[in-house]
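Undergrad:
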Amino acid sequence: EQKPVSDTAATKVTLPDAQTVNSVTHWTDRLFSFRVTRPQSLRFRSGEFVMIGLLGENGKPLLRAYSIASPAWDEELEFYSIKVPDGPLTSKLQHIQPGDQIILRPKPVGTLVHDALLPGKRVWFLATGTGIAPFASLMREPETYEKYDEVIMMHTCRTVAELEYGRQLVESLKDDPLIGELVGDKLKYYPTTTREEFHHMGRITDNLTSGKVFADLGLEPMNPETDRAMVCGSLAFNKDVMEVLEGFGLREGANSEPREYVVEKAFVGDGI
Ligand code: FAD
Ligand code: A2P
Numbered sequence: 146e147q148k149p150v151s152d153t154a155a156t157k158v159t160l161p162d163a164q165t166v167n168s169v170t171h172w173t174d175r176l177f178s179f180r181v182t183r184p185q186s187l188r189f190r191s192g193e194f195v196m197i198g199l200l201g202e203n204g205k206p207l208l209r210a211y212s213i214a215s216p217a218w219d220e221e222l223e224f225y226s227i228k229v230p231d232g233p234l235t236s237k238l239q240h241i242q243p244g245d246q247i248i249l250r251p252k253p254v255g256t257l258v259h260d261a262l263l264p265g266k267r268v269w270f271l272a273t274g275t276g277i278a279p280f281a282s283l284m285r286e287p288e289t290y291e292k293y294d295e296v297i298m299m300h301t302c303r304t305v306a307e308l309e310y311g312r313q314l315v316e317s318l319k320d321d322p323l324i325g326e327l328v329g330d331k332l333k334y335y336p337t338t339t340r341e342e343f344h345h346m347g348r349i350t351d352n353l354t355s356g357k358v359f360a361d362l363g364l365e366p367m368n369p370e371t372d373r374a375m376v377c378g379s380l381a382f383n384k385d386v387m388e389v390l391e392g393f394g395l396r397e398g399a400n401s402e403p404r405e406y407v408v409e410k411a412f413v414g415d416g417i
C-alpha cells in the first residue's frame, strides 16, 4: 500500500542520513550552535568537516560543508553556525529545534588534522568568526595536548558577543573530567576584537607581525623549528595569515605531505 507524499511522518523517517537535534544555543542574531546524534558508523579525526543540511523545497537535500566542533571522542556531534539571512541553508537551519532532524553525510574530510603537521613544541590555532569551529574540536582533543607543550588559540571577531561561544568553551575545559587535567596550563587563549572595545584588540595578522601577541603572552616569536599552525577563516584572512606564517619560515603542509602549517576556508564567498 502506497503512502501519500503529504504524509510528513513518512517523509521524516525516509530522510537520508538523518540525525536528531538534541540541543540548540543562540549566541547572537548571526551565530548559533547545536548538537545532534552521532551516526554509529561515523569515525572522524578532530578538525575534519562533513556535509550537513536539510531537505530543500524540491525534495532534494540542501547540503553545506560544516566543521565538526566536537572532539572525536564525544558521543554527540556539535556544530557552530552562521545565520545568513538569505542563505539557502542557514535561513532555515537557524530555526531547528530539539527533536528535529537534519541530514548528515558521514564522510569526514579536511586538512586541519594533526597528521598534516610535522611534530613540534607549540601549535597555533588561528581563526576568525565561525573558523573557530574546527578548533573547538581540536581544543577538546587529547592528542593536541599529547603532541604539544603549548597550544595558542587566537580568535578574532568584530565584536565581543561573537567571541562568546569560544570563550565559554575554553572556560569549560578546566573542569572537563575527560580532558581538564591534560589541558592544564598548556592552552593560551588570545581572543581579540576589531570593531568593539575589548582588553585585547586587533587583527591576528597585525598582532603576529607587530609581536604584540608574543609580548602579551610572554612567548618566543614563531620559529619553524618549534612552531606549527592551523588556520581557518575567510579567504582574505587565510591568504594574509599564510603570508605572515611564511614570513616566519613556516611552510604549508597537507595530509599527504606534513609540514609546519595547514589552512582551511571557514566558508566560500567573498566575505571581505
Ligand atoms: P551560502 O550560500 O552557503 O553562503 C552565502 C554567503 O554567506 C557566502 O557567500 C558568504 O559570503 C557568507 N557565509 C557563508 N558561511 C559563512 C560563515 N561561516 N561565516 C561568515 N560568512 C559566511 N559555516 C559555518 O557556519 N560553520 C562551519 O563550521 C562551517 N564550516 C565550513 C567548512 C568548510 C570546509 C567550508 C567550505 C564551509 C564551511 N562553512 C561553515 C560554510 C557553510 O558551508 C555555508 O556556507 C553556510 O552554512 C551558509 O550556508 P547558506 O546556504 O545559508 O549560504
Ligand atoms: P576587521 O574588522 O578589521 O575587518 P568578518 O566578520 O569580516 O568575516 O571578519 C571577522 C574578523 O576577521 C574581523 O575581526 C576582521 O577584522 C578580521 N579579518 C577580516 N579580514 C582579515 C584579513 N584579511 N586579515 C586579518 N584579519 C581579517
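Just add 145 to the spot in the sequence shown (first one is 1) and you have the working numbering.
Cβ atoms here follow ideal geometry from the backbone N, Cα and C, with glycine treated the same way.
Computed from a prediction, not measured in an experiment: that's the story for all the values here.
Is the Cβ-Cβ distance between A374 and S282 less than 7 angstroms?
TA: Residue numbering aside, residue 374 sits at position 229 when the sequence shown is read from its first letter. Residue numbering aside, residue 282 sits at position 137 when the sequence shown is read from its first letter. For A374 and S282, no; Cβs fall outside 7 angstroms.
Undergrad: Use the C-beta contact count for I417: other C-beta atoms within 10 angstroms, 16 or more gives buried, fewer gives exposed.
TA: Within the sequence shown, numbered from 1, the residue matching residue 417 stands at position 272. With a pLDDT of 38 at I417, under the threshold of 50, the predicted position of this residue should be treated as unreliable, and no value is reported.
Undergrad: Is the beta carbon of R303 within less than 6 angstroms of some heavy atom of the ligand A2P?
TA: Taking the first residue of the sequence shown as position 1, residue 303 is located at position 158. Under cutoff, so the answer is yes.
Undergrad: Taking Cβ to Cβ, would you say D162 is nearer than 7 angstroms to R267?
TA: Along the sequence shown, read from residue 1 onward, the residue named residue 162 stands at position 17. Along the sequence shown, read from residue 1 onward, the residue named residue 267 stands at position 122. Not in contact: D162 and R267 (Cβ atoms no closer than 7 angstroms).
Undergrad: If we call anything under 7 angstroms between Cβ atoms a contact, is A411 one with C377?
TA: Locating residue 411 in the sequence shown gives position 266, where the first residue counts as 1. Locating residue 377 in the sequence shown gives position 232, where the first residue counts as 1. Going by C-beta atoms, A411 is nearer than 7 angstroms to C377.
Undergrad: Please list the segments of the alpha helix (DSSP H) lying wholly inside the region 330-397, counting only runs of 4 or more residues, in order along the chain.
TA: Correct list: 349-354, 357-362, 380-392.
Undergrad: How big is the Cα-Cα spacing for H171 and R180?
TA: The residue given as residue 171 occupies position 26 in the sequence shown. The residue given as residue 180 occupies position 35 in the sequence shown. Those two C-alpha atoms are separated by around 12 angstroms.
Undergrad: Measuring only the C-alpha atoms, how far is M298 from N383?
TA: If you number the sequence shown from 1, residue 298 lands on position 153. If you number the sequence shown from 1, residue 383 lands on position 238. Between M298 and N383, the C-alpha separation is close to 16 angstroms.
Undergrad: From this set, E326, E309, K331, which residue's C-alpha is nearest R175's C-alpha?
TA: Mapped onto the sequence shown, residue 175 falls at position 30. Of the listed residues, the one whose Cα sits closest to R175 is E309.
Undergrad: Within 10 angstroms of the Cβ of V254, are there 16 or more other Cβ atoms? Answer buried if so, exposed if not.
TA: If you number the sequence shown from 1, residue 254 lands on position 109. When all chains shown are included, V254 counts as exposed.
Undergrad: Apart from the five residues just before and just after E146, which ones in its own chain have a Cβ nearer than 6 angstroms to its Cβ?
TA: In the sequence shown, counting from the first residue as 1, residue 146 sits at position 1. With a pLDDT of only 43 at E146, under 50, the local geometry of the prediction cannot be trusted, and the value read off the model is given with reservation. Answer for E146: no residue qualifies.
Undergrad: Following a CB-centred definition, is D372 positioned closer than 6 angstroms to any heavy atom of the ligand A2P?
TA: Counting from one through the sequence shown, the residue named residue 372 turns up at place 227. For the ligand A2P, not one heavy atom lies less than 6 angstroms from the Cβ of D372.
Undergrad: Give the C-beta separation of Q246 and T165 to the nearest angstrom, bearing in mind that I take them to be a contact with Cβ-Cβ under 8 angstroms.
TA: Residue mapping note: residue 246 aligns to position 101 of the sequence shown, counting from 1. Residue mapping note: residue 165 aligns to position 20 of the sequence shown, counting from 1. 6 angstroms between Cβ atoms; contact.
Undergrad: Could you check whether the region 300-314 touches the region 338-349, counting it as contact only if at least three pairs of C-beta atoms, one from each stretch, sit closer than 8 angstroms?
TA: With the cut-off at 8 angstroms, the region 300-314 and the region 338-349 touch.
Undergrad: Quick one, are the C-beta atoms of P403 and L257 less than 7 angstroms apart?
TA: One-based indexing of the sequence shown puts residue 403 at position 258. One-based indexing of the sequence shown puts residue 257 at position 112. No.
Undergrad: Starting from R312, trace the alpha helix (DSSP H) both ways and give me its first and last residue.
TA: Within the sequence shown, the letter at position 167 stands for residue 312. Start and end: 309-318.
Undergrad: Under the rule that 16 or more other beta-carbon atoms within 10 Å means buried, what is D152, buried or exposed?
TA: For the purposes of this step, residue 152 is taken as residue 7 along the sequence shown, with counting starting at 1. Note that D152 scores a pLDDT of 47, beneath 50, so its modelled location is shaky and nothing firm can be said.
Undergrad: DSSP beta-bridge partners for A399?
TA: As a first step, residue 399 must be located in the sequence shown, where it is residue number 254. Answer is E402, bridged to A399.
Undergrad: Looking at the secondary structure, which residues open and close the beta strand (DSSP E) in which K252 lies?
TA: Taking the sequence shown and counting its residues from 1, one reaches residue 252 at position 107. Segment 246-254, the beta strand (DSSP E) holding K252.
Undergrad: Rounding to the nearest angstrom, what Cα-Cα distance links V158 and L208 in this structure?
TA: Here residue 158 is taken as the residue at index 13 of the sequence shown, counted from 1. Here residue 208 is taken as the residue at index 63 of the sequence shown, counted from 1. With a pLDDT of only 48 at V158, under 50, the local geometry of the prediction cannot be trusted, and the value read off the model is given with reservation. Going by the C-alpha atoms only, they are around 18 angstroms apart.
Undergrad: Are E223 and R183 touching if we call contact CB-CB under 7 angstroms?
TA: If you number the sequence shown from 1, residue 223 lands on position 78. If you number the sequence shown from 1, residue 183 lands on position 38. No, the Cβ-Cβ distance between E223 and R183 is not below 7 angstroms.
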